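All letters in the sequence shown, in the order written, are residues 6 to 97 by the working numbering.
Data first, discussion second: the structure below is written as structure tokens.
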Amino acid sequence: WLRELANLSPAIHIQQTDGKGSRHWPFTEENNARGIIVPEKVFEAVEASGAERNILVFEYFYSAHALSDESVVDSMKVSVEFWQKALHRVYG
6 WLRELANLSP
16 AIHIQQTDGK
26 GSRHWPFTEE
36 NNARGIIVPE
46 KVFEAVEASG
56 AERNILVFEY
66 FYSAHALSDE
76 SVVDSMKVSV
86 EFWQKALHRV
96 YG
């Protein structure tokens with residue numbers, strides 16, 4: 006859908022998923038190993054749409070009882086680093 010609509014959407018919600026459901030996983034090493042979202046493909050699709058500026062917004066769901074606050078924050082930090090590295094690989 007990004008190729009068709011990213012030029013109409015100033016904000017794009019991103020999450021890691023296995024394609025079998027809307028998982029709302031953070032981009033951790035474990036989730037990326039089983040996930041289908043690849044930053045380079047996201048960038049390529051957004052560019053192909055003709056979009057000039059988009060904001061990528063992490064959209065994660067966490068169980069209130071399954072994780073500690075620290076592990077949630079850590080997974081967010083890892084996700085930011087993952088996307089920062091991808092941005093630098095693609096755009097320098």
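Where is the CB? At the ideal position from N, CA and C, for every residue including glycine.
What you are looking at is a predicted structure, and each value in this text was computed from that prediction instead of being measured.
In this structure, residue 59 keeps its C-beta atom at 8 Å or more from the C-beta atom of residue 91. Taking the Cα positions, residue 94 is about 11 Å away from residue 87. According to the DSSP secondary-structure assignment, residue 62 is paired through a beta bridge with 18.
Between the segment 6 to 13 and the segment 23 to 34 there are fewer than three inter-stretch CB-CB distances shorter than 8 Å, so the stretches are not counted as touching. For a cut-off of 8 Å, the C-beta gap from residue 32 to residue 83 is around 7 Å, short enough to register as a contact. If you draw a 10 Å sphere on the C-beta of residue 89, you find fewer than 16 other C-beta atoms in it, and that means exposed.
In the DSSP assignment, residue 30 is bridged to 21.
C-alpha of residue 22 to C-alpha of residue 44: approximately 13 Å in a straight line. In the structure shown, residue 70 adopts coil according to DSSP, grouped into three states.
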